[in-house]
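In this note's numbering, the protein residues as written are 329 to 471.
Rendered as structure tokens:
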């Protein structure tokens, strides 16, 4: 089945995350991002079956380096995508996940491990880019 709302809304959102660390293990290059499954959920993410469009915003180069993108949570489930071809990455690079307008942050486990919730920005031709919600430290909810 196709969920029409998800299909229509997906193109209305982009998720940005930065490269916090890069590790190589047994021939696989792992990128640890500053966001993860607590921020980003997309259809087909389980077992990294689907790959959303991902763009490097802070550099250029050929998309010929396969990376496995992970979040920074202390769980092996924090896997965003396997073997996505990207230019050679460095610490601090910013990655943009396209087609993230349907659910994503509202479907993510934002309170998991009391991690910080991401900013939410809204862009329109009339008003430009506006901050709708700033970073929010969720550990404060556990007092």
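For glycine and all other residues, C-beta sits at the position ideal for the given N, C-alpha and C.
Top-ranked residue by Cα proximity to residue i, from the options
i	options	result
residue 342	443, 358, 380, 361	380
residue 386	417, 401, 394	417
residue 443	347, 465, 471, 461	465
Separation of residue j from residue i, as counted between CA atoms
i	j	result
residue 332	residue 340	14 Å
residue 421	residue 430	25 Å
residue 349	residue 403	16 Å
residue 356	residue 423	19 Å
residue 400	residue 334	27 Å
residue 468	residue 361	23 Å
residue 354	residue 471	42 Å
residue 336	residue 426	13 Å
residue 450	residue 463	14 Å
residue 452	residue 428	17 Å
residue 369	residue 382	14 Å
C-beta atoms of residue i and residue j nearer than 7 Å
i	j	result
residue 397	residue 408	yes
residue 352	residue 437	no
residue 364	residue 406	yes
residue 448	residue 461	yes
Cβ neighbour criterion (16 or more within 10 Å) applied to residue i
i	result
residue 392	exposed
residue 446	buried
residue 359	buried
residue 338	buried
residue 456	exposed
residue 439	exposed
Cut-off 8 Å between Cβ atoms - residues of its own chain near residue i, not counting five sequence neighbours on either side
i	result
residue 388	415
Own chain, CB closer than 7 Å to residue i, minus 5 neighbours either side, in chain order
i	result
residue 395	357, 359, 412, 414, 417
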